[in-house]
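Numbers 169 to 678, taken from my numbering, label the letters of the first sequence in order. We put the CB at the ideal spot given by N, CA and C, even for glycine. What you are looking at is a predicted structure, and each value in this text was computed from that prediction instead of being measured. First the structure, in the form of structure tokens, and then the observations on it.
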Amino acid sequence: MTNPTIAIDRDIRVRFAPSPTGSLHVGGGRTVLFNWLFAKGEAQRLGFDGTMILRIEDTDRNRFVEGATEGIFDILHWFGIDWDEGADIGGPHGPYIQSERLPLYQQGAQELIDNGRAYRCFCSPERLQGLREEQRQKGLPPGYDRHCRFLSQDEIDAKLAAGDGYVVRFAMSREGTTEVYDLIRGESTFQNVNLEDLVLLKSDGYPTYHLANVIDDHDMQITHIMRGEEWIPTAPVHIQLYRAFGWEPPAFAHMPLILAPGGGKLSKRHGSTAMEEFRAQGYLPEALMNYLALLGWSFDGTTEIFSKEDLLEKWSLERVSPSPATFDYDKLRWFNQQYINHILTLDELTERVIPFLTAALLATKRASDPTSAEFAHIREITAVLKDRLVLLSDAPDLMSFFLKARPDPYDPALLVAKKSTPEQSLAGLRGALTVFEQGTVADEAAIETALRALAEGLGLKAGQLFMPIRVAVTGRTESPGLFETLRVIGDDRVRARIRTAIELLSGAES
RNA sequence: GCCUCCAUAGUCUAGCGGCCUAGGACGUCACCCUUUCAAGGUGAAGAUCGCGGGUUCGAAUCCCGCUGGAGGUACCA
Numbered sequence: 169m170t171n172p173t174i175a176i177d178r179d180i181r182v183r184f185a186p187s188p189t190g191s192l193h194v195g196g197g198r199t200v201l202f203n204w205l206f207a208k209g210e211a212q213r214l215g216f217d218g219t220m221i222l223r224i225e226d227t228d229r230n231r232f233v234e235g236a237t238e239g240i241f242d243i244l245h246w247f248g249i250d251w252d253e254g255a256d257i258g259g260p261h262g263p264y265i266q267s268e269r270l271p272l273y274q275q276g277a278q279e280l281i282d283n284g285r286a287y288r289c290f291c292s293p294e295r296l297q298g299l300r301e302e303q304r305q306k307g308l309p310p311g312y313d314r315h316c317r318f319l320s321q322d323e324i325d326a327k328l329a330a331g332d333g334y335v336v337r338f339a340m341s342r343e344g345t346t347e348v349y350d351l352i353r354g355e356s357t358f359q360n361v362n363l364e365d366l367v368l369l370k371s372d373g374y375p376t377y378h379l380a381n382v383i384d385d386h387d388m389q390i391t392h393i394m395r396g397e398e399w400i401p402t403a404p405v406h407i408q409l410y411r412a413f414g415w416e417p418p419a420f421a422h423m424p425l426i427l428a429p430g431g432g433k434l435s436k437r438h439g440s441t442a443m444e445e446f447r448a449q450g451y452l453p454e455a456l457m458n459y460l461a462l463l464g465w466s467f468d469g470t471t472e473i474f475s476k477e478d479l480l481e482k483w484s485l486e487r488v489s490p491s492p493a494t495f496d497y498d499k500l501r502w503f504n505q506q507y508i509n510h511i512l513t514l515d516e517l518t519e520r521v522i523p524f525l526t527a528a529l530l531a532t533k534r535a536s537d538p539t540s541a542e543f544a545h546i547r548e549i550t551a552v553l554k555d556r557l558v559l560l561s562d563a564p565d566l567m568s569f570f571l572k573a574r575p576d577p578y579d580p581a582l583l584v585a586k587k588s589t590p591e592q593s594l595a596g597l598r599g600a601l602t603v604f605e606q607g608t609v610a611d612e613a614a615i616e617t618a619l620r621a622l623a624e625g626l627g628l629k630a631g632q633l634f635m636p637i638r639v640a641v642t643g644r645t646e647s648p649g650l651f652e653t654l655r656v657i658g659d660d661r662v663r664a665r666i667r668t669a670i671e672l673l674s675g676a677e678s
């Protein structure tokens with residue numbers, strides 16, 4: 169499907185409006201990204217202003233999570249998104265937190281009641297529940313039966329006088345159609361009869377999403393609503409609401425859904441879903457942004473690596489696809505690895521790795537000072553094994569034998585290479601010890617020459633000598649190149665570890 | 001059930017009527033490099049462009065139907 173032509177002919181104002189009900193989902197992350205790229209990239213490239221607004225939609229007191237708002241600001245900053253107006257920084261259209269805008273919504277609801285476009289509904293939750301069940305049993309489409317829409321003024325007054333609770337519902341027109349023009353899907357037509365009399369104001373006086381969103385987007389002069397595809401079904405009602413207020417609706421662009429690997433919504437069951445989890449696992453914001461940008465958007469079908477600057481320069485709404493995309497953890501890992509191995513500078517990577525080492529008690533606070541000896545040491549280690557680092561959280565394990573006084577306990581049997589005997593390993597290690605005592609591991613080339621000569625003299629293949637040394641020094645069978653590993657570990661620790669291995673092996677022998 | 005959206009390899013995608021014997025990437029497999037594991041290099045397998053009808057000299061590309069997948073169907077967003 170091809171996208172309708174998208175022309176930006178004016179200053180753009182977009183908003184990202186999360187609910188503080190928990191941590192930010194990757195789907196939300198992709199939505200902010202696209203909003204931000206539209207305003208800061210595409211619009212500005214075309215010579216228009218692009219303003220990004222961050223609004224907090226906390227109208228559901230039941231699902232409100234303490235601290236979630238701060239968490240969202242924090243993760244967005246980490247992700248690399250900024251905004252011009254918002255709940256934390258204010259702006260000319262504030263407040264930007266819906267719970268602080270209640271009078272606005274109540275006035276709006278009253279206005280709609282006054283001009284006949286909304287009505288009070290006194291139906292109890294129990295009645296609605298029963299209604300739904302009845303409809304389900306009869307195989308009828310569920311929905312409010314508009315019971316209270318045609319109450320007489322006397323009935324209404326009586327209920328109000330009796331102190332009955334009520335909600336305010338939108339009086340949706342029951343004939344005709346509503347056209348929704350979506351910037352990435354084109355036009356769709358909805359039959360108004362199928363549209364519900366949605367609740368606008370809840371019985372607790374808080375607005376629903378529908379009312380608050382329409383009033384705020386109008387009040388904050390939003391020009392483009394870019395939100396998830398799950399909002400398509402209510403879009404026609406929103407358009408009718410704008411019209412009921414006498415307002416011109418903004419443009420709509422519904423972003424394609426992000427699906428779980430097996431199909432359906434992406435949830436915890438499939439792996440991480442929250443932006444914070446990806447951060448904690450050691451994904452880089454650059455990699456996550458790059459990957460998320462490519463979920464539903466492509467530049468030329470060939471280019472894959474995009475920095476934030478590249479995206480600002482190249483991203484366009486026109487190239488956003490309407491079809492849903494499945495989240496692929498493997499590909500995300502690949503991007504992370506690319507950034508770690510090929511894109512970040514060594515200093516940058518070292519800086520990113522240190523917090524993970526500190527948390528694992530493998531580094532001190534001093535390490536974060538780039539002029540410290542500890543930083544320099546970690547930088548050396550990082551250089552040696554960055555091409556086997558996929559997640560920053562892998563660093564403590566991969567680096568532990570470099571940072572600890574001695575390797576973790578290992579099975580002495582590992583000291584014997586495949587197709588080798590304990591005697592051969594022992595002889596090799598004893599010979600190697602002499603090499604290390606006579607030379608310095610700082611000279612990789614000399615050590616390599618000496619060890620290869622030693623292997624030859626003992627009638628061993630290089631691997632039969634190198635593997636025992638590797639295990640002796642690292643405690644494991646997998647490591648970076650042997651000579652660089654030795655160099656970074658240093659003469660003293662190398663000699664000590666070889667001696668320990670010789671003891672282990674001769675002990676196991678007897 | 002009803003409303004709506006979507007439909008190119010396992011996954012993300014290029015393709016907007018002839019440049020397509022369908023291109024790129026992840027993943028998979030093989031080989032090279034090699035002291036292990038990675039990284040890197042080379043190559044391979046993998047898509048009757050969901051199915052069926054049209055339109056057209058010509059369709060992955062346009063239209064219709066079907067099927068499949070997904071979303072919505074709350075006093076949640």
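Buried or exposed by the 16-neighbour rule on C-beta atoms within 10 Å, applied to residue i
| i | result |
| --- | --- |
| residue 522 | buried |
| residue 497 | exposed |
| residue 266 | buried |
| residue 591 | exposed |
| residue 283 | exposed |
| residue 245 | exposed |
| residue 549 | buried |
| residue 476 | buried |
| residue 554 | buried |
| residue 326 | exposed |
| residue 437 | exposed |
| residue 537 | exposed |
| residue 320 | exposed |
| residue 356 | exposed |
| residue 209 | buried |
Neighbourhood of residue i by C-beta, 7 Å cutoff - its chain only, sequence neighbours within 5 removed
| i | result |
| --- | --- |
| residue 667 | 601 |
| residue 315 | 291 |
| residue 207 | 180, 182, 218, 219 and 220 |
| residue 653 | 552, 641, 642 and 647 |
| residue 299 | 313 |
| residue 415 | 386 |
| residue 324 | 288 |
| residue 619 | 600, 603 and 633 |
| residue 473 | 458 and 506 |
Residue j beta carbon less than 8 Å from that of residue i
| i | j | result |
| --- | --- | --- |
| residue 443 | residue 248 | no |
| residue 360 | residue 344 | yes |
| residue 199 | residue 232 | no |
| residue 609 | residue 658 | yes |
| residue 176 | residue 214 | yes |
| residue 272 | residue 338 | no |
| residue 277 | residue 368 | yes |
| residue 636 | residue 593 | yes |
| residue 237 | residue 255 | yes |
| residue 557 | residue 508 | yes |
| residue 243 | residue 186 | no |
| residue 373 | residue 270 | yes |
| residue 322 | residue 340 | no |
| residue 495 | residue 428 | yes |
| residue 392 | residue 418 | yes |
For residue i: DSSP bridge partner residues
| i | result |
| --- | --- |
| residue 356 | 348 |
| residue 253 | 221 |
| residue 369 | 336 and 375 |
| residue 393 | 420 |
| residue 433 | 427 |
| residue 497 | According to DSSP, which records beta bridges pairwise, residue 497 is partnered with nothing at all. |
| residue 286 | 338 |
| residue 180 | 218 |
| residue 258 | 254 |
Close-in-space but distant-in-sequence residues of the same chain around residue i (CB under 8 Å, 5 per side omitted)
| i | result |
| --- | --- |
| residue 397 | 422, 423, 424, 425 and 492 |
| residue 193 | 434, 441, 442 and 443 |
| residue 561 | 448, 449, 450 and 524 |
| residue 281 | 287, 288 and 336 |
| residue 389 | 181 and 261 |
6 Å CB neighbourhood of residue i in its chain, flanking five on each side removed
| i | result |
| --- | --- |
| residue 643 | 569, 575, 576 and 578 |
| residue 333 | 371 |
| residue 584 | 590 and 593 |
Heavy atom of the ligand GDP within 7 Å of residue i beta-carbon
| i | result |
| --- | --- |
| residue 246 | Annotation note on the ligand GDP: not contained in the displayed structure, which lists no ligands. |
Continuous beta strand (DSSP E) assignments of at least 3 residues falling wholly in the region 626-650: none
Entirely enclosed alpha helix (DSSP H) segments - the region 484-540, minimum 4 residues: The qualifying runs are 497-506 and 514-527.
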